[in-house]
C-alpha cells in the first residue's frame with residue numbers, strides 16, 4: 001500500500017559478460033537503467049581518468065535492428081494485404097519459449113529473406129501498375145482513331161505527298177468537310193473521316209506538295225487541329241490490340257504475384273516471432289547505450305526495488321564472479337523512480353492515476369484511496385444492474401480467454417470491477433436494463449433516484465463531502481509526516497471544523513453547528529495569513545481565505561454529476577424499452593423488438609461507459625487530487641521483455 | 001398587453017386547437033423539441049470540430065484512433081442530455097399512450113424548464129468540441145498524457161451537467 005522503496009544500483013562488470021548480464025536484467029524485468037553523465041562520473045573521484053571511460057557506442061547496432069524491424073513490419077503489412085490474418089478478438093497471443101525465441105533469432109537471415117522477397121514483389125507490382133497506366137492512357141488516346149488504317153509512323157511528308165491527321169470541332173465538321181471537298185476535291189487532295197469522339201471529328205488528309213499552302217490556309221481558317229503521335233508504330237487498331245495483349249499479361253503476372261504473396265502467409269508466424277525477438281534485442285541495446293565502458297569493463301547505474309535487491313545480487317553472482325555491485329539508499333532529496341505496491345484489488349485503479357500523473361516519490365500513493373471512490377462513482381453513474389452483469393461477464397471472458405498480462409490485465413480487471421459496482425448500484429437504485437426491472441416488478445433495494453431526486457442529490461453531495469474530507473486528511477497526514485503538525489492543524493483542521501459545523505447547521509442542530517462553524521472560521525482568519533509579515537496583511541489574508549468556502553461548495557456540487565449521469569443512462573434505457581415494446585405487437589414485431597433492444601442497449605452501455613469513466617476520473621483528478629496530490633515523480637520503467645505478437649515465457653514457467 | 005394576458009387570452013380562446021391538441025400540450029412539446037434539437041445540434045458541432053482534429057492525428061498515426069475517438073466523443077453527451085429532458089417531458093404528457101391535457105401555464109412552464117439544457121447544451125457542446133480538438137493536439141504529441149487531455153474538455157461539460165440537473169429538477173417539480 002505504498003510507493004515502493006528503491007535502491008540505487010552501481011554495477012561494474014567485464015565487457016565479456018555484458019551481454020549476459022543485460023539479458024538477465026531484461027529477463028528479471030525489475031531494474032531501471034539510468035543514463036550516466038560522463039562528467040558526473042569524473043566527479044566521483046576518478047580525476048584524470050575520465051578518458052578511460054567512454055560512452056557505449058551501440059548506435060549502429062540499434063539502427064540496424066530498427067531497419068530490420070521496419071522491413072519485417074513492411075513484410076507483415078504486405079502479406080496481410082493479400083491474406084486474411086485477422087485473429088478472433090478472444091484469441092490469446094501465442095506463447096513462445098525463450099529457447100524458441102533464440103532459435104528464431106539465429107535463423108534471422110532466412111526469415112529476413114522473406115521480407116526481402118516481399119520488397120521485390122512489391123517493387124514488381126509498382127512497375128506493373130505504372131506500365132498498366134501507360135498502356136491504358138495510350139489506349140485511351142488511340143481509341144477515337146481506331147478506324148484509321150494507316151500506320152502512324154507513315155504519317156508525314158514524302159517527296160511529293162503530304163499526309164496528316166487532325167480533329168475538328170463537331171459543330172463545324174460538316175461545314176469543314178464540305179468546303180474542303182468543294183474547293184480542293186477536284187485536285188490532288190484526299191480527305192477521309194476516321195471516327196469521332198464526344199466533341200471532335202477526326203480526319204485523315206493526303207495531298208500533293210504543291211497544294212500545301214492552300215491547304216494550310218484553309219485548315220487554319222476552319223479551326224483544324226493537327227494531331228501527331230510520336231514513338232508509335234502500326235495502325236491505331238494494331239496498337240490497341242497490342243495494348244490489350246499487354247494488359248492481359250500484366251493482369252496475369254499480378255495474379256501470379258498475389259498468389260506468391262498469399263503463399264507467404266505460412267511464414268507470418270516466424271516473421272512475428274522474429275519481430276518480437278528483434279524488438280527485445282533493440283530494447284536491450286538501447287538501454288545499453290546508457291552504459292559507460294573502458295577497454296575491458298563497463299559501468300551500469302540504475303534503480304532496483306529494495307525487495308528484489310538481494311535476489312538481483314545473487315542472480316548476478318550466479319552469472320559471473322567478476323562483477324562489482326553497490327546498492328545504496330537514495331539521498332534524502334534524491335528523486336527515485338516511482339513504482340506501486342498494492343493489493344490485487346487496488347492494482348487496476350493504478351491505471352486511473354497513471355493516466356493523470358506520477359506522484360512525487362516522497363509523497364503518498366493515492367491508489368488505495370482512488371480505488372474505492374472510483375469503484376463507487378463508476379457504479380452510481382452507470383447505475384444499471386443488467387448492464388453491470390453484461391460488462392462484468394464480457395470483461396471476465398476477455399481476461400479468461402486472452403490471458404492478459406500487465407496493462408491489459410489491469411484494464412480488464414478495472415472493467416470487471418466497474419461491472420460489479422454497476423450491478424450493485426443498479427440493484428440499489430432499481431435499474432435493470434432501463435426500466436425493465438420495474439416492468440417486471442423488481443423494486444429498488446433502497447429508492448428510485450428519478451422519483452426522489454432531492455434525496456439522491458443529498459446522497460451524492462454526501463459522497464462528495466466524504467471524498468473531499470479524505471483528500472484533506474491525506475494532505476494533513478503528509479504535513480504531519482514532514483513534521484509540520486501546525487500546518488495540518490491550521491490548513492486542514494480548521495477547515496474540518498468549519499465545514500462540519502456548516503453541515504451540522506444544515507442537518508442536525510443549528511446552534512451547535514453555528515458555534516462550530518464560527519470557531520473554525522475564526523481559526524482560519526487568525527492562521528491563514530501566517531506567511532505574511534505585517535499584521536494587517538495577515539488579517540486580510542485570513543479573511544480572504546474564507547472565500548475558499550466557495551471552492552469547497554462548488555467541488556461538492558460537482559458530485560451532482562453522479563446523479564445526472566446515472567439518470568441519463570437509465571432514461572435512455574427506458575426509451576429503448578418503450579421503442580421495443582411499441583414494436584412488439586406481432587411475432588415479426590417481436591423480432592424487430594429484439595433487434596432494437598439488443599442494439600439500443602449495447603449502444604447505451606458503450607456511451608455510458610465512456611461517460612462514467614471520464615467523469616469518475618475527473619472527480620479524482622480535479623476534486624480529489626486537487627486537495628493533496630504532489631506531482632513530480634517519474635514512473636519506474638525497468639528494462640524488461642516487451643512484445644507485440646507473442647507471449648514469452650521462461651522455461652521454468654512452462655510447467 | 002402583458003405576456004401573461006396574451007397567453008391567458010390565447011388559452012381561453014383556443015385551449016383546444018382544431019387538431020385536438022391543447023395549447024398547453026403544444027408548448028410542452030415545443031419544450032421537448034427545443035431540448036432535443038438545440039442540445040443535439042450543439043453535440044453535432046462539437047463532435048464535428050473534434051472529429052476534424054482527430055482525423056488529422058489519425059492520418060499521421062493510425063494507432064492513436066482509440067484515444068482520439070474517446071476525446072471526439074466527449075461533446076456528444078449534450079445531445080443525450082437534451083434527449084433525456086425531451087423524453088421526460090414527453091413522458092409527463094404520456095405521449096406514448098394517449099396524451100393527457102395540460103393547461104397553457106403548465107405547458108409553458110415545461111417549455112421554460114427545457115431551456116437550461118437546450119441553451120447551455122448547445123453552447124457548451126461547441127466549446128467542449130473546441131477544447132477536445134485542442135486536447136487531441138496533446139495526444140498527437142504526447143499520447144501518454146491522455147488523462148490530462150481528457151480532463152480539459154470534461155471541465156467544460158460540468159456546466160452542461162448542471163444545466164441538465166436544473167432542467168430535470170424543474171420538469172420533475174411541475175405537477176401535471
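Residue numbers (UniProt numbering), protein chains in the order written: chain A, 1 to 655; chain B, 1 to 176. Heads up, the beta-carbon is just placed ideally off N, CA and C, and yes, glycines get one too.
Strictly below 8 Å CB to CB, what residues from chain A border residue i?
{"i": "residue 96 of chain B", "result": "578, 582"}
{"i": "residue 197 of chain B", "result": "Chain B is shown only over 1 to 176; residue 197 of chain B falls outside these bounds and no answer can be derived."}
{"i": "residue 147 of chain B", "result": "352, 354, 355, 356, 357, 617, 621"}
{"i": "residue 138 of chain B", "result": "None at all; the shortest Cβ gap to chain A is about 12 Å."}
Can you list the residues of chain A that residue i reaches, using a CB-CB cut of under 7 Å?
{"i": "residue 164 of chain B", "result": "564"}
{"i": "residue 73 of chain B", "result": "610"}
{"i": "residue 115 of chain B", "result": "Going along chain A, no residue has its Cβ under 7 Å from residue 115 of chain B, so there is no contact; the nearest lies around 17 Å."}
{"i": "residue 87 of chain B", "result": "571, 575"}
{"i": "residue 109 of chain B", "result": "Here the premise fails: no neighbours, minimum Cβ distance about 17 Å."}
{"i": "residue 150 of chain B", "result": "614, 617"}
{"i": "residue 41 of chain B", "result": "Within chain A, no residue comes near residue 41 of chain B; the closest Cβ sits about 18 Å away, beyond 7 Å."}
Please list the partners that residue i has in chain B, where partner means a Cβ-to-Cβ separation under 8 Å.
{"i": "residue 360 of chain A", "result": "Residues of chain B passing the Cβ test: none, with the nearest at roughly 17 Å."}
{"i": "residue 560 of chain A", "result": "161, 162, 165"}
Mind listing the chain B neighbours of residue i? Cutoff is C-beta to C-beta under 7 Å, in chain order.
{"i": "residue 615 of chain A", "result": "154"}
Using CA atoms only, rank isn't needed, just tell me which of the options is closest to residue i.
{"i": "residue 156 of chain B", "options": "B:52, B:85, B:74, B:107", "result": "B:74"}
{"i": "residue 331 of chain A", "options": "A:3, A:4, A:8, A:613", "result": "A:8"}
{"i": "residue 78 of chain A", "options": "A:118, A:205, A:84, A:13", "result": "A:118"}
{"i": "residue 406 of chain A", "options": "A:366, A:459, A:350", "result": "A:350"}
{"i": "residue 239 of chain A", "options": "A:136, A:251, A:563, A:109", "result": "A:136"}
{"i": "residue 64 of chain A", "options": "A:166, A:285, A:111", "result": "A:285"}
{"i": "residue 91 of chain A", "options": "A:470, A:397, A:162, A:601", "result": "A:397"}
{"i": "residue 174 of chain A", "options": "A:192, A:159, A:162", "result": "A:192"}
{"i": "residue 520 of chain A", "options": "A:494, A:526, A:508", "result": "A:494"}
{"i": "residue 424 of chain A", "options": "A:391, A:110, A:76, A:320", "result": "A:391"}
{"i": "residue 121 of chain A", "options": "A:145, A:75, A:225, A:546", "result": "A:75"}
{"i": "residue 69 of chain B", "options": "B:148, B:51, B:141", "result": "B:51"}
{"i": "residue 415 of chain A", "options": "A:432, A:389, A:355, A:524", "result": "A:389"}
{"i": "residue 445 of chain A", "options": "A:383, A:307, A:489, A:403", "result": "A:383"}
So with CB distances below 9 Å, who are the chain B contacts of residue i?
{"i": "residue 453 of chain A", "result": "165, 168, 169, 172, 173"}
{"i": "residue 346 of chain A", "result": "By Cβ distance, chain B contributes nothing, its closest Cβ being about 18 Å from residue 346 of chain A, past 9 Å."}
{"i": "residue 607 of chain A", "result": "73, 76, 77, 80"}
Just to check my reading of the structure: residue i and residue j have Cβ atoms closer than 8 Å, yes? What is that Cβ distance to the nearest angstrom?
{"i": "residue 215 of chain A", "j": "residue 207 of chain A", "result": "6 Å"}
{"i": "residue 232 of chain A", "j": "residue 143 of chain A", "result": "About 14 Å; that fails the 8 Å criterion."}
{"i": "residue 555 of chain A", "j": "residue 2 of chain A", "result": "That pair is no contact at about 27 Å."}
{"i": "residue 128 of chain B", "j": "residue 46 of chain B", "result": "5 Å"}
{"i": "residue 108 of chain B", "j": "residue 27 of chain B", "result": "5 Å"}
{"i": "residue 616 of chain A", "j": "residue 374 of chain A", "result": "5 Å"}
{"i": "residue 395 of chain A", "j": "residue 379 of chain A", "result": "Actually they do not touch by this definition, with Cβ atoms about 14 Å apart."}
{"i": "residue 620 of chain A", "j": "residue 352 of chain A", "result": "6 Å"}
{"i": "residue 601 of chain A", "j": "residue 369 of chain A", "result": "Between residue 369 of chain A and residue 601 of chain A the Cβ distance is about 33 Å, and since that is not below 8 Å, they are no contact."}
{"i": "residue 526 of chain A", "j": "residue 542 of chain A", "result": "6 Å"}
Please confirm if residue i has its CB atom under 8 Å from at least one CB of chain C.
{"i": "residue 158 of chain B", "result": "Annotation note: the requested chain C is absent from the structure, which comprises protein chains A and B."}
Strictly below 9 Å CB to CB, what residues from chain A border residue i?
{"i": "residue 122 of chain B", "result": "The premise fails here: residue 122 of chain B is roughly 17 Å from chain A at the closest Cβ pair, so nothing lies under 9 Å."}
- Does the stretch 55-75 of chain B come within contact of the stretch 136-144 of chain B, defined as at least 3 CB pairs closer than 8 Å? Judged by pairs of C-beta atoms under 8 Å, the stretch 55-75 of chain B touches the stretch 136-144 of chain B, as three or more such pairs exist.
- Query: What runs of the beta strand (DSSP E), each 3 residues or longer, lie entirely inside the stretch 300-344 of chain A?
  - Reply: The qualifying runs are 323-328.
- Item | Within the stretch 32-102 of chain B, ranges of the alpha helix (DSSP H) (whole runs, at least 4 residues) | DSSP assignment within the stretch 32-102 of chain B yields the following whole alpha helix (DSSP H) runs of 4 residues or more, N-terminal first: 65-73, 77-92.
- Query: Does the stretch 119-133 of chain A come close enough to the stretch 22-33 of chain B that 3 or more CB-CB pairs lie under 8 Å?
  - Reply: With fewer than three CB-CB distances shorter than 8 Å, the stretch 22-33 of chain B does not count as touching the stretch 119-133 of chain A.
- Message: Ignoring anything shorter than 4 residues, give me the alpha helix (DSSP H) runs that lie fully in the stretch 503-585 of chain A, in order along the chain.
- Response: Listed in chain order, the complete alpha helix (DSSP H) runs (minimum 4 residues) inside the stretch 503-585 of chain A are 510-527, 535-545, 549-558, 561-583.
- Task: Tell me the start and end of each unbroken alpha helix (DSSP H) in the stretch 415-478 of chain A that is at least 4 residues and wholly inside, in chain order.
- Result: If we require 4 residues or more, the alpha helix (DSSP H) runs fully inside the stretch 415-478 of chain A come out as 436-439.
- Task: Assess, as a yes-or-no matter, whether the stretch 437-455 of chain A is touched by the stretch 589-606 of chain A under the definition of 3 or more beta carbon pairs within less than 8 Å.
- Result: Contact between the stretch 589-606 of chain A and the stretch 437-455 of chain A is absent, because fewer than three Cβ pairs lie under 8 Å.
- Message: Assess contact between the stretch 414-431 of chain A and the stretch 513-525 of chain A, defined as three or more Cβ pairs (one per stretch) separated by less than 8 Å. Is contact present?
- Response: Result no; under three Cβ-Cβ pairs closer than 8 Å.
- Item | alpha helix (DSSP H) runs wholly inside the stretch 338-390 of chain A, at least 4 long, in chain order | The stretch 338-390 of chain A contains these whole alpha helix (DSSP H) runs: 350-356, 367-382.
- Task: With a floor of 3 residues, list each beta strand (DSSP E) that falls wholly inside the stretch 200-269 of chain A, ordered by position along the chain.
- Result: Whole beta strand (DSSP E) segments, 3+ residues: 200-208, 225-227.
- Any chance the stretch 581-593 of chain A sits against the stretch 365-372 of chain A, with 3 or more Cβ pairs inside 8 Å? Taking a cut-off of 8 Å on C-beta distances, the stretch 581-593 of chain A does not touch the stretch 365-372 of chain A, as fewer than three cross pairs fall below it.
- Does the stretch 29-40 of chain B come within contact of the stretch 113-120 of chain B, defined as at least 3 CB pairs closer than 8 Å? Cβ pair count under 8 Å is three or more, so yes.
- Task: Kindly confirm or deny that the stretch 640-650 of chain A and the stretch 91-104 of chain A touch, where touching means at least three C-beta pairs closer than 8 Å.
- Result: Yes: the two stretches touch, three or more of their Cβ pairs being nearer than 8 Å.
- Decide yes or no for the touch test of the stretch 312-329 of chain A against the stretch 10-28 of chain A: beta carbon pairs closer than 8 Å, at least 3 of them. The stretch 312-329 of chain A makes contact with the stretch 10-28 of chain A, as at least three CB pairs between them are under 8 Å.
- Task: Ignoring anything shorter than 4 residues or poking outside the stretch 77-108 of chain A, list the alpha helix (DSSP H) runs there in chain order.
- Result: Counting only runs of 4 or more, we get 98-106.
- Task: Would you list, in sequence order, the uninterrupted alpha helix (DSSP H) runs of no fewer than 4 residues that lie entirely inside the stretch 99-145 of chain B?
- Result: Qualifying alpha helix (DSSP H) stretches, in chain order: 104-115, 121-141.
- Count the C-beta pairs between the stretch 467-484 of chain A and the stretch 628-636 of chain A that are closer than 8 Å, then say yes if the count reaches three, no if not. The stretch 628-636 of chain A and the stretch 467-484 of chain A touch, with three or more beta-carbon pairs separated by less than 8 Å.
- Message: Quick test of the definition: if touching needs 3 or more C-beta pairs under 8 Å, does the stretch 155-171 of chain A touch the stretch 193-202 of chain A?
- Response: Contact holds: three or more Cβ-Cβ distances are below 8 Å.
- Item | Contiguous beta strand (DSSP E) assignments of at least 3 residues, all confined to the stretch 158-197 of chain A | When DSSP assignments are scanned along the stretch 158-197 of chain A, the uninterrupted stretches of beta strand (DSSP E) that are 3 or more residues long and fall wholly within it turn out to be 161-169, 189-196.
- Message: Is it the case that the stretch 269-283 of chain A contacts the stretch 28-40 of chain A, given that we only count it when at least three CB pairs across the two stretches are under 8 Å?
- Response: With the cut-off at 8 Å, the stretch 28-40 of chain A and the stretch 269-283 of chain A do not touch.
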